[in-house]
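*Asks:* Numbering (the working numbering) for the sequence shown: 703 to 1583. Note that CB positions come from ideal geometry on N, CA and C, so glycine has one too. What you are looking at is a predicted structure, and each value in this text was computed from that prediction instead of being measured. My questions will all concern the structure given below.
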Amino acid sequence: MPEEMVAARAPEMASRGAQQVDVAVVGAGFAGLYLLHRLRKAGFTAIALDSANDVGGTWYWNRYPGARCDIQTIDYSYTFDPELESAWTWSEKYATQPEILRYLGFVADRYDLRHDIRFGTKVTAATWDETADRWLLTTDNGAPVSCRHYIMATGCLSAPKAPEIDGVKDFKGEVYFTGRWPHEEVKLAGKRVAVIGTGSSGIQSIPLIAEQAAHLTVFQRTASFALPAHNGPSPADRVTLLEQDRAAYREQARWSLVGVPWPQQTDVSWQLSDAERRERFEKAWAAGDLAYILTQLWADQGVDIDGNALVAELVREKIRGIVKDPETAAALSPHDHPFGAKRPCLDTNYYATYNRPNVTLVNLRQEPIKAITASGIVTDKRSVDVDVIVFATGFDAMTGAIMAVHPITGRAGKSLSSAWAQGPQTYLGLTVAGFPNLFMITGPGSPSVLSNMAVSIEQHADWVVDRLAAMREAGFTTIDATETAQAAWAQHMADCSMMTLHRLANTWYTGANVPGKAQGVMPYTGGLGPYRSICNEVVSRGMLGFKLTGPNVPEQVNDGEVVRLQPDVRLVLGMLAEMNLPPIESLGAQGARDFVNEFNKGRPAGRPVGEVGAGMLQGADGPLPYRLYRPATPGPHPIVVYFHGGGWVLGDELSDDPFCRDMCRRTGMIFVSVGYRHAPEHRFPAAAEDGYAATRWIAEHAADLGGKPGPVLVAGWSAGANIATVTCQLARDRGGPQIAGQLLVCPVTDCRFDRQSYTDNAVGYFLTRALMFWFWDIYCSPADRTDPRASPLRGQLAGLPPAFVVTCEFDPLRDEGVAYAEALAAAGVPVRQLQAGGHFHSSFVMVDVVITGVSGRLQMAEALQRFAGLQVTPPHAIAAE
Ligand code: NAP
């Protein structure tokens, strides 16, 4: 038989004698146990395999002193069975590892799961058998397993990472890894102990080791943020909340961002005084709750570097208050990553431990470890002899345990390690294209470690088992993600990662802790609730992004991208849809203005600038109000004349206040927002002529306004961008003023409605085609619309100031904006474009709501600075340690 045929038949031959099941689950921790239970209930034959000798997963292995959970136990529990919930009561707010292990054993017994688990059995390889449409798993103990579906429930933090320090093998004393702690008692009393690593495992174990050891030397490379757990009984208020309405509490957790039911914080840091912020922080410090301190201080703490720096400094202040030696306190204070970008730790007496006479901290940033020798650890500056070394050096997280089954061979002989050579590629964090019928629970690309794992695990297991049941019902035997869906998920992951600060830290979240590992934020940062809704959407849209096949049914390929919007745009549009608002054009002009005013009251307050002033300027036919935003830096500053959006009908000089403030701060320029006249009271060309007159007046009064005399700049959004560019045309034709550049954000440039974006985005993205019709009708009669003062695309474009044109993918105005930029370029005007993918018409003016708009505004600010001949401000950089 030729070799290829032998190879092709290898799985078939190996599967003879294999244990046959519908589903094989690897891992018998939180995820594996629940999967077994669900699979059985759904009528599948299933088996779980685990290299450990009992259930527990991560809680089986992590037995080091002080090991506890860091999500409150009332939240870190199964919720699928109310009877189970009432049958178990946790003894503490944060249970110890032995108690959690007992709980998982209790669950295994209650649902009689153990007899379907093969303990002490490591899965060594997995191969997809193309002919049988089954997986074959080989093991290091007993028969192989042949299964239709193969589920990795191996946990995110199960593969300890090698310590990567020369000489480990030479050490003659005892060596322990926190992630593989012995089952028998480890006696440390009277011994000289070294702990390497100060992540959660180190921080939990160090205080207890210090109590036993003769001397403890802690080797710290990166300082972590830690806060006191204040362990004890579960807090009465949380227990009451749970018990008042258990189902509602659990449901709220399922739809929350992190899997713990805290409300979404809406206050932003700059709205709070120092005293108010301190009060909130003290409350969080006293609460001893990670989910609380990560979400409940102020809305910008996890998404904005300035809002985050406030928290970080308050934690550092606490460290200085606890640790007596200032040098040690300084070494323990993290400066190289935002608070929360690396998982903060919950501790019991951690910082105070450094006040003990038998504890020494070695700061490896100042004296790196050179080697481990037979007797201890040698750094650049000293040699520390020890009897015991504890490696609390962490894990090859997220992918390590999956890749530990090696090789996993999918379609066409492709291995997972080659598919993931550049980093993990998944669809929903659950599946991998080319690896049919393989599922991962809390895999890379899912919220996993950024959420309460208990809640994430239930969501994943439910989703997978429900899908398997639906496939069986429909006669499908294979399911495989499409390449398109997977690539779009990668894009969505990248978009999400721009919302939070996780990308700014080198951590196990990004793969940075393992030398040579591909880098990138691995967990889904868009939040658990949004993630759940996306998984549900995949199903409601007919298993979007999956190919399903079966022996007796036609193949179903529903290729596509489940999320094309930016993650926060998706949330905003979802909220707007839920509000079920009447069409704005149905409200009449005044009704629409009232609506916009009301709507704007709910947005985050704009950020502070140096000074905000108000006054009157001369418009085309009388005085107009203006609002002036001055930077805090010494002037005189260049002036940007700004025109608000609102279809020439709505808004005023205040209505884009957060945008003007943000741009004033980013550019270091004065923004003067003009209250030009509106239709229907003042129809075309009132707004256009006011724009021109106001710009002229501002240029003439630049010095009086504290601005730099000379050319001004113009900017606008939507109809305001229309006025801005019309102003440039008029200024060129009427002998001034001089304009140094124009920023046009989603501009109206033409009265044609037949461009593709008017069809693609006619409804569903807030600015609708019908609303644009209404705006045009109110502003301008059809006969006037081709006038370049209404449709600047029809004007002469040569000789206009340089432009930066921003368009958004999901905007009816997209294509006329692009057409304008192209026409400017064709006319010889220097022009740059930002075509913002996944954004909608309001993305960039919804400051501090659409967080992913920040990078676009950074580019706008740079463009304005270049136009004005200023030095471009670099984006915020995190101070290196
Ligand atoms: P970790 O957070 O990755 O911490 C590992 C520590 O070892 C870091 O301080 C790291 O420094 C240091 N390290 C690694 N290699 C080193 C080397 N060659 N030389 C010197 N230092 C080295 O790992 P972990 O503490 O095990 O925690 C991992 C995660 O598990 C946690 O973030 C948490 O999600 C979970 N966990 C939770 C709990 C809980 O409270 N429930 C307890 C333990 C673990 P660098 O940062 O400089 O790489």
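Would you say the beta carbon of Thr791 comes nearer than 6 Å to a heavy atom of ligand 1?
*Replies:* No - ligand 1 has no heavy atom lying nearer than 6 Å to the Cβ of Thr791.
*Asks:* Name the residue from Leu786, Cys1482, Thr1186 whose alpha carbon lies nearest to the alpha carbon of Ala810.
*Replies:* For Ala810, the nearest C-alpha among the options comes from Leu786.
*Asks:* CA-CA distance, Arg742 and Leu992?
*Replies:* Those two C-alpha atoms are separated by around 35 Å.
*Asks:* Consult DSSP for Gln1573 and reduce its assignment to one of helix, strand or coil.
*Replies:* Gln1573: coil per DSSP, three-state reduction.
*Asks:* How many angstroms separate the CA atom of Ser1158 from the CA atom of Leu1152?
*Replies:* Those two C-alpha atoms are separated by around 10 Å.
*Asks:* Among the candidates Glu1019, Ala1492, Leu1034, whose CA atom is the shortest distance from the CA of Cys1482?
*Replies:* Out of Glu1019, Ala1492, Leu1034, Ala1492 has the C-alpha closest to the C-alpha of Cys1482.
*Asks:* Note down, in chain order, each residue of its chain lying with its Cβ closer than 7 Å to the Cβ of Ala710, except the 5 sequence neighbours on either side.
*Replies:* Caution applies to Ala710, whose pLDDT of 47 falls short of 50 and renders its modelled position unreliable; the value that the coordinates give is listed next. Nothing listed; no residue qualifies.
*Asks:* Quick one: Cα of Thr833 to Cα of Tyr1226, how far?
*Replies:* Approximately 35 Å between the Cα atoms of the pair.
*Asks:* Please report the residue range of the alpha helix (DSSP H) in which Ser903 lies.
*Replies:* 902-914 is the extent of the alpha helix (DSSP H) around Ser903.
*Asks:* Measuring only the C-alpha atoms, how far is Trp883 from Ala1106?
*Replies:* One C-alpha to the other measures close to 20 Å.
*Asks:* Do Asn1057 and Lys1026 come within 7 Å of each other at the CB atom, strictly closer than that value?
*Replies:* Yes, they are a contact pair.
*Asks:* If you measure from the CB of Asn1215, is any heavy atom of ligand 1 nearer than 6 Å?
*Replies:* Yes.
*Asks:* So does Leu1445 have its beta carbon nearer than 6 Å to some heavy atom of ligand 2?
*Replies:* For ligand 2, the structure offers nothing, since it holds only ligand 1.
*Asks:* Is it the case that the Cβ atoms of Gly1501 and Arg1434 are separated by a distance below 7 Å?
*Replies:* Yes, these two residues count as a Cβ contact at 7 Å.
*Asks:* Residues in the same chain with beta-carbon distance under 7 Å from Met707, minus the five sequence neighbours each way, listed in chain order, please.
*Replies:* Any reading at Met707 is ruled out, since the residue's pLDDT is 45, under 50, leaving its predicted position unreliable.
*Asks:* Using a threshold of 7 Å, state whether the C-beta atoms of Leu738 and Ala748 are closer than that.
*Replies:* Yes, the Cβ-Cβ distance between Leu738 and Ala748 is below 7 Å.
*Asks:* Measuring from the CB of Trp1122, is there a heavy atom of ligand 1 at a distance below 6 Å?
*Replies:* Not under cutoff, so the answer is no.
*Asks:* For the pair the region 753-762 and the region 799-808, tell me if three or more CB-CB distances fall below 8 Å.
*Replies:* Enough Cβ pairs lie closer than 8 Å, so yes.
*Asks:* Please return the same chain residues whose Cβ sits closer than 6 Å to the Cβ of Thr1429, not counting the five positions on each side in sequence.
*Replies:* Closer than 6 Å at the Cβ level, and outside the excluded window around Thr1429, lie Gly1393, Tyr1394, Thr1397, Val1416.
*Asks:* Three-state secondary structure (DSSP) at Asn1051?
*Replies:* Three-state result, Asn1051: coil.
*Asks:* Helix, strand or coil for Val1061 per DSSP?
*Replies:* Of the three classes helix, strand and coil, the one that applies to Val1061 here is strand, per DSSP.
*Asks:* Does the structure place the region 1189-1201 close enough to the region 1068-1078 that three or more beta carbon pairs sit under 8 Å?
*Replies:* Taking 8 Å as the limit for Cβ pairs, the verdict is that the region 1189-1201 does not touch the region 1068-1078.
*Asks:* When you compare only the Cα positions, how much space is there between Thr791 and Cys1510?
*Replies:* Cα-Cα distance, rounded: 52 Å.
*Asks:* Which of helix, strand or coil does DSSP assign to Val809?
*Replies:* Helix.
*Asks:* Roughly how many angstroms lie between the CA atoms of Ser860 and Asn1424, to the nearest whole one?
*Replies:* Approximately 57 Å, taken between the alpha carbons.
*Asks:* Cutting at 7 Å between CB atoms, please list the residues of its own chain near Ala1582, excluding the five before and the five after it.
*Replies:* Its pLDDT being 28, under 50, Ala1582 is placed unreliably in this model, and the value from its coordinates should be taken loosely. Here the set comprises Asp1038.
*Asks:* Arg1018 and Leu999 - do their beta-carbons sit closer together than 7 Å?
*Replies:* Cβ distance not < 7 Å, so Leu999 and Arg1018 don't count as in contact.
*Asks:* Between Pro1138, Phe879, Leu815, which has its C-alpha nearest Leu838's C-alpha?
*Replies:* When each option's Cα is compared against that of Leu838, the closest is Pro1138.
*Asks:* Nearest by alpha-carbon distance to Pro1387: which of Ile1110, Tyr1344, Gln1458, Ala1322 is it?
*Replies:* Out of Ile1110, Tyr1344, Gln1458, Ala1322, Ala1322 has the C-alpha closest to the C-alpha of Pro1387.
*Asks:* For Gly1229, count the other beta carbons within 10 Å of its own beta carbon; 16 or more makes it buried, fewer makes it exposed. Which is it?
*Replies:* So Gly1229 counts as buried.
*Asks:* Going by DSSP in three states, Ser1158 sits in which element: helix, strand or coil?
*Replies:* Residue state, collapsed to three classes: helix.
*Asks:* Nearest-angstrom Cα distance between Leu1132 and Pro1126?
*Replies:* About 11 Å.
*Asks:* Please report the distance separating the alpha-carbon of Pro1149 from that of Arg1379.
*Replies:* Computed Cα separation, rounded: 49 Å.
*Asks:* Beta carbon of Leu1069: closer than 6 Å to some heavy atom of ligand 1?
*Replies:* Correcting the residue type first, residue 1069 is Glu in the shown sequence and not Leu. No.
*Asks:* Return yes when the Cβ of Phe1301 is within less than 7 Å of the Cβ of Leu1289, no when it is not.
*Replies:* Against a cut-off of 7 Å, the Cβ pair of Phe1301 and Leu1289 comes out as no contact.
*Asks:* Measuring only from the beta carbon, is Thr924 closer than 6 Å to any heavy atom that is part of ligand 1?
*Replies:* Correct: Thr924 has its Cβ closer than 6 Å to ligand 1.
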